[in-house]
Structure formats: structure tokens, C-alpha cells
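A.B. asks: Numbered according to the working numbering, the sequence shown spans residues 4 to 121. Even glycine gets a Cβ: it sits at the ideal position worked out from N, Cα and C. Mind looking over this structure? Questions follow.
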Amino acid sequence: MYEHRRSRPLPRLRFLKRLAIHVLVAWALLLLSLVVGMWGYAHFEGLAWRDAFVNAAMLLGGMGPVNRLHTDNGKIFAGCYALYAGLVFLLAAGVVFAPIGHRIMHLMHWEDEASKRI
Numbered sequence: 004m005y006e007h008r009r010s011r012p013l014p015r016l017r018f019l020k021r022l023a024i025h026v027l028v029a030w031a032l033l034l035l036s037l038v039v040g041m042w043g044y045a046h047f048e049g050l051a052w053r054d055a056f057v058n059a060a061m062l063l064g065g066m067g068p069v070n071r072l073h074t075d076n077g078k079i080f081a082g083c084y085a086l087y088a089g090l091v092f093l094l095a096a097g098v099v100f101a102p103i104g105h106r107i108m109h110l111m112h113w114e115d116e117a118s119k120r121i
């Protein structure tokens, strides 16, 4: 997916396009996770969509739920969703920072043809 260590680093515009694609993938993952969380809170706890949105968004953001849970199934869903949300947060951060880290390492280790002749 990325260029080989012996090839030239990508031009800035192509790198920014690569970064934009990674950001879009991370946003898609977060949006899908938010929809799943909203569905779960609405289905298992009977929350209105606005309240389900707040609870799912707060868990994805690492803050924790807002509404008190009343059903056993809702508590099980909320616990599983909280574990999932923590992993999604880390995964989304990794997807966004992977091209940045690769570019930094690539720029640090890339040798120009002119410097090889010296």
C-alpha cells in the first residue's frame, strides 16, 4: 500500500490525498459504530434517538454513558459496546496516524541517489 523504502517519498499533494483517504476511513468506522450504538441503546433500553445518540457518542469519545441503564440486556449491551468503543477509538487513531508515521520514518531513512555517489 505504501511506497518501498528505496523509492522516493510521495510528493506532498499525493501524501495529503493518502491522509485524506485514511481520515475518511476512520470517520466511516466511527459513524458506523455510532449507528450501531444508537440502535443498541434504542432497542435494549428504549431510549429516544437523541438520548441513544448522546450515550453512544459519549462512549465512543471515552466519556461514558449519560442515562441510567434499567434492563439487563441494556446493561450487557452497554458493557460490550463500551469495550468495542475503546478498541474503535484506538483503531481509528491508528488508521489516521499510520501514513504520518510512515512518512516520518520514510523521510528519515530515504537516501537520495546523489548522496549514494558521495
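Identify, in the order they occur along the chain, each residue of the same chain with its Cβ nearer than 7 Å to the Cβ of PHE92, setting aside the five sequence neighbours on each side.
C.D. replies: Reading the sequence shown from its first residue, position 89 is the one you call residue 92. If we look at PHE92 and ignore the five residues flanking it on each side, its Cβ neighbours are LEU63, GLY65.
A.B. asks: Please work out which residues of its chain come closer than 6 Å, Cβ to Cβ, to PHE122, disregarding the five sequence neighbours upstream and downstream, and give them in chain order.
C.D. replies: This structure cannot settle anything about residue 122, because the visible part of the chain is limited to 4 through 121.
A.B. asks: So ASN70 and ASN58 are in contact, right, with Cβ under 8 Å, and what is the actual spacing, rounded?
C.D. replies: Start at 1 with the first residue of the sequence shown, and residue 70 comes out as number 67. Start at 1 with the first residue of the sequence shown, and residue 58 comes out as number 55. Correct: roughly 6 Å between the Cβ atoms.
A.B. asks: At the level of alpha carbons, what is the spacing between MET4 and PHE100?
C.D. replies: For the purposes of this step, residue 4 is taken as the residue at position 1 of the sequence shown. For the purposes of this step, residue 100 is taken as the residue at position 97 of the sequence shown. The straight-line gap from Cα to Cα measures roughly 15 Å.
A.B. asks: Does the region 13-22 come close enough to the region 31-45 to have 3 or more Cβ pairs within less than 8 Å?
C.D. replies: no
A.B. asks: Using the beta-carbon count (16 or more within 10 Å), is PRO102 buried or exposed?
C.D. replies: Taking the first residue of the sequence shown as 1, we reach residue 102 at position 99. Result: buried.
A.B. asks: Where does the unbroken alpha helix (DSSP H) through HIS7 begin, and where does it stop?
C.D. replies: Numbered from 1 along the sequence shown, position 4 holds the residue referred to as residue 7. Counting along the chain, HIS7 falls outside any alpha helix (DSSP H), and DSSP gives it neither H nor E.
A.B. asks: Decide if VAL41 is buried, meaning its Cβ has at least 16 other Cβ atoms within 10 Å, or exposed.
C.D. replies: Here residue 41 refers to the residue found at position 38 of the sequence shown. In the sequence as displayed, the identity of residue 41 is Met instead of Val. Counting Cβ neighbours within 10 Å, MET41 comes out buried, since at least 16 surround it.
A.B. asks: The alpha helix (DSSP H) that contains GLY77, what's its start and end?
C.D. replies: Position 74 of the sequence shown, counting from 1, holds the residue named residue 77. Segment 75-112, the alpha helix (DSSP H) holding GLY77.
A.B. asks: For a minimum of 4 consecutive residues, which ranges assigned as the alpha helix (DSSP H) are wholly contained in the region 29-78?
C.D. replies: 52-63
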